[in-house]
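Peer 1:
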Amino acid sequence: MPATQSVQPRVTSTFVPTREYGVLGKNIFGTGFDFDIDLRLGAGAFVCGEETALMTSIEGNRGEPRPRPPFPAEKGLFQKPTILNNVETYANIPQIILNGAEWFAGMGTEKSKGTKVFALGGKIKHTGLVEVPMGTTLRTVIEEIGGGIPNGKKFKAAQTGGPSGGCISPENYDVPIDYDNLIAIGSMMGSGGLIVMDEDNCMVDIAKFFLEFTVDESCGKCTPCRIGTKRMYEMLDKITKGQATLEDLDKLEELCYYIKANSLCGLGQTAPNPVLSTLKNFRNEYEAHVIDKKCPAGVCKDLLMFSISFDKCVGCGLCAKNCPVGAISQGTEIAPGKKKAAYVIDTTKCVKCGACMDNCRLKAITKG
Amino acid sequence: MADMINVKINGIAVSVPKGTTVLEAAHQAGVDIPTFCYMKEINEIGACRICMVEINEGRGFRMVASCVYPLNFDNSEVRTNSPKVLDSRKKTLELILSTHDKKCLSCVRSGNCELQSLCNEMGIEDENAYAGEKPEYEIDNSAVHMYRDNNKCILCRRCTAVCSKWQGIGVIGANERGFKTNIGSAFEMGLGSTSCVSCGQCIAVCPVGALSEKDFTNQVFAAIADETKTVIVQTAPAVRAALGEEFGYEIGTNVEGKMAAALRRLGFDKVFDTDWAADLTIMEEATEFVDRFTNGGVLPLITSCSPGWVKYCEHYFPNMTENLSSCKSPHQMQGAVIKTYLAEKMGLDPKNIVVVSIMPCTAKKFECQRDNEAAAGVPDVDYVLTTRELARMIKRAGLKFTALPDEDFDNPLGLSSGAGDIFGVTGGVMEAALRTAYCWLSGKNEEVVEFHEGRGTDGIKRSTVNINGTEIKVAVASGLANAKELLTRVQNGEEKVDFIEIMGCPGGCVNGGGQPQQPASVRLFTDLRSERAKALYSEDAAKTLRLSHLNKDVQALYDEYLEKPGSHKAHELLHTTYVKRTIN
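Chains as they are written, first to last, in my numbering: chain W, 3 to 370; chain S, 141 to 724.
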């Protein structure tokens with residue numbers, strides 16, 4: 003099995019006593035059956051989570067997937083029949099042995115038994131690993147276990163399954179989460195990641211964020227993933243900069259379906275998920291970027307314009323002091339009832355960092 | 141017999157053994173599916189995704205890579221040209237084009253490029269459909285024989301597969317990953333710094349213009365135009381068996397006569413045949429073998445005609461260089477004879493002779509620059525051109541190849557035996573040597589005995605030959621991975637052999653790295669090695685002169701100049717030395 007460096011000593015330390023007890027090694031409990039475990043370190047490539055890439059890597063080659071069939075159960079590691087499972091699956095086995103299969107099957111939904119560990123993150127009060135029975139709703143996980151979204155913000159979406167998963171919209175907040183339901187609503191269980199987003203998140207930006215990861219982690223073996231994901235990323239970048247047209251949106255969607263259908267392994271086949279799910283559930287946000295050249299969540303910098311309200315500004319100058327590029331200066335006109343002239347932003351110099359807005363006590367600065 | 145299953149390809153019913161790939165079944169149904177990366181048993185990686193088809197095995201249609209997808213279920217339905225398939229294929233091409241330099245007009249492969257022709261077939265309308273960031277690569281010019289231009293590479297990895305699997309070398313592989321993936325050597329070393337043996341198999345299988353030999357056609361045109369130079373050309377046996385492919389002839393057509401005519405019309409002063417020097421090689425090498433065999437010399441004796449193999453031996457089996465025959469390769473011998481014996485006969489200063497070798501080989505570009513390959517104090521051979529370069533010269537000069545008459549080689553260095561002709565195919569050198577050895581040892585000086593055990597495309601062939609009660613164990617290997625397997629056994633004492641023929645390229649020179657490039661659509665279903673070999677075996681069979689030692693022009697060389705095979709003078713002119721190299 004592959005492992006990351008941090009857990010290696012902990013895992014290998016269990017081998018020695020296990021061998022001493024005769025549970026591992028030659029002639030286990032005198033049965034004549036030999037079984038042993040060898041721990042191999044991976045180099046950390048994301049694609050090596052794909053089973054065939056993992057085996058190729060263990061064989062000492064570049065971590066690249068290979069076509070299936072043959073499936074690992076027929077011809078796997080070193081061309082021998084091989085089973086591959088996630089650590090989580092193996093971790094369930096002792097509990098199932100101790101408590102019985104019925105106990106395990108007593109939890110969860112009809113087709114997804116047992117429990118699931120989620121890595122809860124994003125806009126949530128309590129982040130971390132949580133284990134819940136299969137079939138728990140997003141609402142329960144986010145509001146009851148995660149303590150809800152901070153600062154009274156509204157739930158906008160949850161992204162499950164890691165970078166290859168999809169974004170779930172509020173309308174599915176109460177769908178019981180299991181393998182089948184997640185796929186039905188355009189996402190997946192994947193790595194068990196669960197990232198919560200609120201109204202301040204731009205969904206185009208989120209899709210671009212995940213794509214950047216898959217572009218980085220593509221092994222480069224097959225054409226659709228190697229070049230296609232890069233082109234997807236470039237199209238998303240164009241959208242977030244307000245340079246895209248509606249035709250580009252169609253082209254992006256077409257490319258997504260092409261990459262899903264034609265990629266060699268799961269990485270490429272699922273890489274378009276964040277884009278497809280956001281295009282489906284948050285198309286209006288994409289259109290706002292494309293048609294109105296606006297980012298509704300105020301995230302995409304190229305589409306932002308900071309301005310100081312002439313009526314609200316009292317001329318304190320805090321914004322100008324905090325501006326890192328000297329884009330803010332005091333005007334000459336004094337508003338009625340004010341003692342000092344209001345400040346103004348030179349948009350040609352502004353880098354849209356938001357420091358002025360954060361430092362204005364009167365909320366006189368807006369972006370949009 | 142394997143279980144047969146019935147499937148439908150585009151509605152056409154075919155019956156195939158269970159496990160047959162979709163690609164093969166489609167071929168049986170008369171349907172071509174394009175491929176880039178796929179090479180049977182060599183590169184079954186399903187990476188390029190150009191061969192994607194739709195398949196329904198009872199659960200609805202989905203896309204699979206036809207080159208590696210086995211048909212296991214009765215009644216499976218395959219669509220190879222549905223709108224979805226064609227659209228996917230087009231997108232894959234458009235994506236490839238977005239990272240390709242698209243400089244077709246100045247590309248050596250224009251007109252013979254698998255990417256170019258598929259783009260044409262698929263009706264690509266906009267080569268910039270997916271324009272975006274494009275990686276830029278420096279051209280690797282560091283090797284003597286070739287260059288790599290990754291700006292044209294489509295990452296099919298055929299080159300890396302043949303380098304590691306056919307040749308057992310593996311000096312090239314993928315560097316970086318994802319969008320930055322590129323093919324090169326470890327630690328970004330130039331190919332010239334590695335233990336690449338210059339075999340050129342990577343070039344022969346490259347579908348595009350990313351890999352090509354270093355082209356010396358302009359230098360040769362210039363030499364021909366230089367009136368102070370006598371420019372003499374010689375052609376290796378395998379060239380005539382493949383040159384026709386460049387002019388529309390069927391694979392395996394022998395175009396010796398038209399080739400000689402073309403060379404004369406290109407302006408070469410003399411048109412000689414390296415087959416002549418193949419006969420000369422037999423005289424020297426057979427003498428060397430008999431000497432080593434009877435006087436307890438280093439055995440097995442291993443042939444040295446293949447410079448790719450020689451360089452491989454120097455890098456990977458340096459302690460076996462003593463086993464290599466000290467004979468120069470035939471074209472080097474011929475160059476040496478031209479610049480000494482012939483120069484004297486013709487009253488020419490060897491400095492004013494330019495010898496051009498037309499070879500199926502890229503390693504010979506390396507070989508002609510080696511030390512101890514300069515009998516007259518100047519290089520034995522000045523330029524080595526591949527079969528492909530010769531085709532380029534013929535096209536550039538506007539010669540209508542198919543309309544040329546059949547002409548003969550010039551003499552005295554144009555006469556050859558059938559034994560010399562078969563030097564171009566695996567087992568041929570061994571057979572030629574054994575024919576002569578048989579005659580010498582049996583005293584039946586003119587009896588032709590064919591040695592069929594050495595023929596065929598098997599990677600390693602072994603035989604024990606009994607000549608007048610003397611048993612000689614012989615072995616033949618082609619492709620360096622096979623050579624490695626054989627030599628490892630010999631080195632470990634697991635196998636005793638007296639005489640080994642090794643050719644660097646699988647199937648021998650007919651399948652050399654300098655031969656015309658055939659697209660995947662041809663390679664996948666035609667064995668180039670055996671088809672081209674037929675051309676040489678039939679030339680041999682049709683000749684009355686089939687024994688090297690009976691070549692009267694070779695005999696004349698010994699009578700007039702070298703005295704006898706293996707003489708001191710023969711050694712000075714026709715033999716060379718080797719070095720021990722490291723693995724990089």
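Beta carbons: idealized from backbone N, C-alpha and C, even for Gly.
Which of the residues in the region 189–211 of chain S, read from start to end, lie with their CB under 7 Å from any CB of chain W?
Peer 2: So the close ones are Arg189, Met192, Met203, Ala205, Val208 and Pro210.
Peer 1: Is alanine 543/S closer than 8 Å to alanine 559/S when the C-beta atoms are compared?
Peer 2: Against a cut-off of 8 Å, the Cβ pair of alanine 543/S and alanine 559/S comes out as no contact.
Peer 1: Measure the C-alpha to C-alpha separation of tyrosine 270/S and methionine 262/S and round it to an integer number of angstroms.
Peer 2: Tyrosine 270/S and methionine 262/S: Cα-Cα distance of roughly 16 Å.
Peer 1: How would you label cysteine 341/S, buried or exposed, when you count the other beta carbons within 10 angstroms and need 16 or more for buried?
Peer 2: Contrary to the premise, residue 341/S reads as glutamine rather than cysteine in this sequence. It counts as buried.
Peer 1: In chain order, what residues of the same chain have a beta carbon less than 8 Å from the beta carbon of threonine 161/S, not counting five sequence neighbours either side?
Peer 2: So the qualifying residues of the chain are Ser206, Cys207, Val208, Tyr209, Pro210 and Leu211.
Peer 1: On the DSSP bridge assignment, give the partners of glutamate 217/S in chain order.
Peer 2: Glutamate 217/S pairs with Lys148/S and Asn196/S.
Peer 1: Grouping DSSP H, G and I as helix and E and B as strand, with all else coil, what is glutamine 658/S?
Peer 2: Reduced to three states, the DSSP call for glutamine 658/S is coil.
Peer 1: For glutamate 586/S versus leucine 702/S, is the C-beta distance shorter than 8 Å?
Peer 2: No, the pair does not count as a contact, with Cβ atoms beyond the cut-off.
Peer 1: For glycine 186/S, go through chain W and note every residue whose CB falls closer than 7 Å to its CB, in chain order.
Peer 2: Going along chain W in sequence order, the residues near glycine 186/S (Cβ under 7 Å) are Pro69 and Leu266.
Peer 1: Isoleucine 185/W lies in the alpha helix (DSSP H); which residues open and close that run?
Peer 2: Taken as a continuous stretch (DSSP letters only), the alpha helix (DSSP H) holding isoleucine 185/W covers 181–186.
Peer 1: With DSSP run on the structure shown, which of helix, strand or coil describes glutamate 353/S?
Peer 2: Strand, per DSSP.
Peer 1: Are there 16 or more other CB atoms within 10 angstroms of the CB of threonine 33/W, so buried, or fewer, so exposed?
Peer 2: Threonine 33/W should be labelled exposed.
Peer 1: What residues match up with arginine 12/W in a beta bridge as DSSP calls it?
Peer 2: DSSP, once it has assigned bridges, lists no residue as partnering arginine 12/W.
Peer 1: When we look at the beta-carbon of phenylalanine 35/W and count the other beta-carbons within 10 Å, is it buried (16 or more) or exposed?
Peer 2: Classification for phenylalanine 35/W: exposed.
Peer 1: Give me the chain S residues within the contact set of valine 217/W, using Cβ-Cβ distance strictly less than 8 Å, ordered along the chain.
Peer 2: Those within 8 Å of valine 217/W in chain S are Gly318 and Phe319.
Peer 1: Within 10 angstroms of the Cβ of glycine 24/W, are there 16 or more other Cβ atoms? Answer buried if so, exposed if not.
Peer 2: Looking at its Cβ environment, which holds fewer than 16 other Cβ atoms inside 10 Å, glycine 24/W is exposed.
Peer 1: Name the residue from His167/S, Val569/S, Cys346/S and Glu513/S whose alpha carbon lies nearest to the alpha carbon of cysteine 177/S.
Peer 2: The option with the nearest alpha carbon to cysteine 177/S is Cys346/S.
Peer 1: Pull out every residue of the region 8–39 of chain W whose Cβ sits closer than 8 Å to any Cβ of chain S, in chain order.
Peer 2: Within the region 8–39 of chain W, no residue has a Cβ that lies closer than 8 Å to any Cβ of chain S.
Peer 1: Nearest chain C C-beta to glycine 272/S closer than 8 Å, yes or no?
Peer 2: In the structure shown, chain C does not exist; the protein chains are W and S.
Peer 1: Would alanine 107/W pass as an interface residue toward chain S - the criterion being a Cβ-Cβ separation below 8 Å?
Peer 2: It does not: the Cβ of alanine 107/W has no partner Cβ on chain S nearer than 8 Å.
Peer 1: How many whole angstroms separate the CB atoms of valine 614/S and aspartate 638/S, which I take to be in contact at a CB cut-off of 8 Å?
Peer 2: Correct: roughly 7 Å between the Cβ atoms.
Peer 1: Checking contacts by CB at 8 Å: is glycine 222/W closer than that to chain S?
Peer 2: Yes - at least one Cβ of chain S is within 8 Å of the one on glycine 222/W.
Peer 1: Just by C-beta distance, which residues in the region 232–253 of chain W are closer than 7 Å to chain S?
Peer 2: Cβ contacts with chain S come from Lys232, Arg233 and Glu236.
Peer 1: Just to confirm the assignment, what range does the alpha helix (DSSP H) spanning phenylalanine 412/S have?
Peer 2: Element bounds for phenylalanine 412/S: not the alpha helix (DSSP H) but the beta strand (DSSP E), 410–413.
Peer 1: Under 8 Å between the Cβ atoms of cysteine 445/S and serine 469/S?
Peer 2: Yes, Cβ-Cβ distance for cysteine 445/S and serine 469/S is below 8 Å.
Peer 1: If the criterion is Cβ atoms closer than 8 Å, does the pair methionine 499/S and valine 477/S meet it?
Peer 2: Taking 8 Å as the Cβ cut-off, methionine 499/S and valine 477/S do not qualify as a contacting pair.
Peer 1: Which two residues bound the contiguous beta strand (DSSP E) that contains phenylalanine 157/W?
Peer 2: Counting along the chain, the beta strand (DSSP E) containing phenylalanine 157/W begins and ends at 157–162.
Peer 1: If contact means a Cβ-Cβ distance below 7 Å, which residues of the region 258–284 of chain W contact chain S?
Peer 2: Taking 7 Å as the Cβ-Cβ cut-off against chain S, the residues of the region 258–284 of chain W that qualify are Tyr260, Ala263, Asn264 and Leu266.
Peer 1: Name, please, each residue of chain W whose Cβ falls closer than 8 Å to the Cβ of serine 238/S.
Peer 2: Result: Ile229 and Arg233.
Peer 1: Verify the CB distance criterion: does proline 4/W have a CB-CB separation below 8 Å to chain S?
Peer 2: Summary for proline 4/W: the model assigns pLDDT 48, below 50, so the residue's position carries little reliability, and this model does not support an answer.
Peer 1: Buried or exposed: arginine 199/S, going by 16 or more other Cβ atoms within 10 Å of its Cβ?
Peer 2: By the 10 Å Cβ count, arginine 199/S comes out exposed.
Peer 1: To the nearest angstrom, how far is the alpha carbon of glycine 308/S from that of cysteine 501/S?
Peer 2: One C-alpha to the other measures close to 18 Å.
Peer 1: Are the beta-carbon atoms of glycine 46/W and aspartate 38/W separated by less than 8 Å?
Peer 2: It is not a contact, given that the beta carbons lie outside the stated cut-off.
Peer 1: Using CA coordinates, which residue listed in Ser15/W, Glu133/W, Lys223/W and Ala107/W is at the minimum distance from arginine 298/S?
Peer 2: Selected option, being the one with the closest Cα: Lys223/W.
Peer 1: Flag threonine 225/W as yes if its beta-carbon sits less than 8 Å from any beta-carbon of chain S, otherwise no.
Peer 2: With 8 Å as the cut-off, threonine 225/W counts as an interface residue toward chain S.
Peer 1: What separation, rounded to the nearest whole angstrom, lies between the Cα atoms of tyrosine 288/W and glycine 318/S?
Peer 2: Using only the alpha carbons, I get a separation of about 27 Å.
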